[in-house]
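Right, one structure below, let's go through it.
Numbering (this note's numbering), first residue to last: 164 to 435.
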C-alpha cells in the first residue's frame, strides 16, 4: 500500500536526494542548493554511515613514500582519512614534497579539491568514474613503475584494481573506512513519504544507496511508483538501478550539482 500525496509543492517539484551531506560544506548541501536554484523543493536524507579504520597503518604507509610510485583516491572519505593522519604531523611538509614529485590520481572534482587542500596536485579531476580514471593511469604508468597506493572504502568496486592488474600495473590497496546503512535511514525515508507524499524525482548517489533504499521507496510509493523519475549521479549508480529493475529517467553527465540539477529538471519537464 503506497502513501498518497502529490509530487509538487505549489509549482515546486519535490526531489528526494539520497546521499551523504558534505562534511566540509558550510550551510546547505550543494546539491540541495542547486536543485533549489532550479525551482525544486529538495530534501536530503543521509544513506550511509562511515567509520574510519586502520589509520595507524595508513599513516605508516603514507609516510613511507619510497615504496610507492603515486597515490589513488576515488572517494572524498579516503582523502579525509589521510587528512586525519597528517593533521598533527609536523613532518607532513617534507613528506608532502615527496608525494608532490609523484602522481596523485583522483576521480571527480570533489575529491580533487580535497586533495588540493592537503597540498597535493591531483590528476584526473575530470574523470567521473573509476573506469575512466583507469585509462588515464594506464596511459601514464607501466609494469616497471613502483606500486600505486590506493586508500579506499570497504565497498569499493573491483573495476580499477582489475583493470590495472590486467595491464601489469601494481596497485596496493588499504581499506581506511567501512560503510554501513545509516541507522535512521528507514525511519527518515518513511517519515518523508508520510509527511511529503510521493516525490516527483528520487536521486541516487551510489550502488550502496540503491541497495539500502530502493525496495523501501518502492514499497512506500506503491501504485504511484511509475510517477517517480529516478535519477543517478553517474553510470555506475544508473547501472545498479537498472539491475534492480528500475527505469532510469536521467543520469548526470558529470557528478556535479549543476549537471544533476539540469538532468532532473529536463526529466521532469518532459511531463509538463
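Backbone N, C-alpha and C define an ideal beta-carbon position, used for all residues, glycine too.
Please read these numbers as outputs of a predicted model, since none were measured by experiment.
By Cβ distance, which residues of its chain are closer than 7 Å to residue i, with the 5 residues on each side in sequence left out?
{"i": "residue 303", "result": "266"}
{"i": "residue 403", "result": "370, 373"}
{"i": "residue 375", "result": "210, 344, 348"}
{"i": "residue 240", "result": "213, 316, 340"}
{"i": "residue 379", "result": "349, 352"}
{"i": "residue 199", "result": "205"}
{"i": "residue 217", "result": "337, 338, 339"}
With distance defined between alpha-carbon atoms, name the residue in the options nearest to residue i.
{"i": "residue 418", "options": "246, 206, 235, 273", "result": "273"}
{"i": "residue 256", "options": "225, 236, 286, 230", "result": "225"}
{"i": "residue 329", "options": "285, 342, 306", "result": "306"}
{"i": "residue 206", "options": "338, 362, 249, 324", "result": "362"}
{"i": "residue 292", "options": "323, 218, 424", "result": "323"}
{"i": "residue 279", "options": "290, 259, 393", "result": "259"}
{"i": "residue 425", "options": "179, 201, 183, 196", "result": "201"}
{"i": "residue 220", "options": "232, 313, 196", "result": "313"}
{"i": "residue 203", "options": "178, 215, 193", "result": "178"}
{"i": "residue 264", "options": "335, 180, 232", "result": "232"}
{"i": "residue 431", "options": "392, 358, 342, 310", "result": "392"}
{"i": "residue 377", "options": "397, 253, 401", "result": "401"}
{"i": "residue 412", "options": "429, 331, 399", "result": "429"}
{"i": "residue 309", "options": "234, 321, 368", "result": "234"}
{"i": "residue 311", "options": "427, 334, 262", "result": "334"}
{"i": "residue 249", "options": "222, 230, 262, 236", "result": "222"}
{"i": "residue 237", "options": "331, 389, 289, 381", "result": "289"}
{"i": "residue 247", "options": "215, 254, 364, 359", "result": "215"}
How is residue i classed by DSSP in three states: helix, strand or coil?
{"i": "residue 285", "result": "strand"}
{"i": "residue 396", "result": "coil"}
{"i": "residue 381", "result": "helix"}
{"i": "residue 413", "result": "strand"}
{"i": "residue 418", "result": "coil"}
{"i": "residue 372", "result": "helix"}
{"i": "residue 182", "result": "coil"}
{"i": "residue 210", "result": "coil"}
{"i": "residue 246", "result": "helix"}
{"i": "residue 344", "result": "strand"}
{"i": "residue 290", "result": "coil"}
{"i": "residue 436", "result": "This structure leaves residue 436 out entirely; the chain is present only between 164 and 435."}
{"i": "residue 426", "result": "helix"}
{"i": "residue 366", "result": "strand"}
{"i": "residue 403", "result": "helix"}
{"i": "residue 335", "result": "strand"}
{"i": "residue 297", "result": "helix"}
{"i": "residue 431", "result": "helix"}
{"i": "residue 324", "result": "helix"}
Taking all protein chains shown into account, do 16 or more other C-beta atoms lie within 10 angstroms of the C-beta of residue i, making it buried, or fewer, making it exposed?
{"i": "residue 271", "result": "buried"}
{"i": "residue 176", "result": "buried"}
{"i": "residue 410", "result": "exposed"}
{"i": "residue 282", "result": "exposed"}
{"i": "residue 350", "result": "exposed"}
{"i": "residue 346", "result": "exposed"}
{"i": "residue 414", "result": "buried"}
{"i": "residue 408", "result": "exposed"}
{"i": "residue 325", "result": "exposed"}
{"i": "residue 126", "result": "Only positions 164 to 435 of the chain appear in this structure, which leaves residue 126 out of reach."}
{"i": "residue 275", "result": "buried"}
{"i": "residue 397", "result": "buried"}
Beta-carbon of residue i versus every beta-carbon of chain D: anything under 8 Å?
{"i": "residue 279", "result": "As a matter of chain content, chain D is missing from the structure shown, which is built from one protein chain."}
Only counting the same chain, and skipping five residues up and downstream in sequence, which positions put a Cβ closer than 6 Å to that of residue i?
{"i": "residue 227", "result": "none"}
{"i": "residue 287", "result": "268, 269, 296, 299"}
{"i": "residue 277", "result": "239, 242"}
Between which residues of its own chain and residue i is the CB-CB distance below 8 Å, once the five residues before and five after are set aside?
{"i": "residue 197", "result": "420, 421, 423, 424"}
{"i": "residue 194", "result": "180, 182, 205, 207, 366, 420, 423, 424"}
{"i": "residue 320", "result": "293, 370, 399"}
For the ligand COA, any of its heavy atoms closer than 7 Å to the Cβ of residue i?
{"i": "residue 293", "result": "The model on display carries no ligand, and the ligand COA is accordingly not part of it."}
key: 3 or more residues per run - each beta strand (DSSP E) lying fully within the stretch 225-281   = 233-236, 266-269
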